[in-house]
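**Q** Numbering (full-length UniProt numbering), first residue to last: 1 to 66. Note that CB positions come from ideal geometry on N, CA and C, so glycine has one too.
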């Protein structure tokens, strides 16, 4: 019985690791897909003449990045 339980725990652990790995890969893909647009936003913010407005926009972009 102990062998069966040990095998089940190992399988559950392996599945949890695979799920975590998949989640990490998906987050990397998401980040890489939006990264160029985020840099473009920062470049555009530099063109905003109002410093307060520019900072507010930067703060929102940082929140989106997170």
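So, are the CB atoms of residue 62 and residue 54 less than 7 Å apart?
**A** Not closer than 7 Å, so no.
**Q** Tell me which residue opens and which closes the alpha helix (DSSP H) that residue 51 is part of.
**A** Where residue 51 is concerned, the enclosing alpha helix (DSSP H) stretches over 51-65.
**Q** Beta-carbon separation of residue 65 and residue 38 under 7 Å?
**A** A contact, by the Cβ cut-off of 7 Å.
**Q** Between the alpha carbons of residue 15 and residue 23, how many angstroms are there, rounded?
**A** Between residue 15 and residue 23, the C-alpha separation is close to 12 Å.
**Q** For residue 56 and residue 35, what's the separation of their Cα atoms in angstroms?
**A** So the two alpha carbons sit approximately 19 Å from each other.
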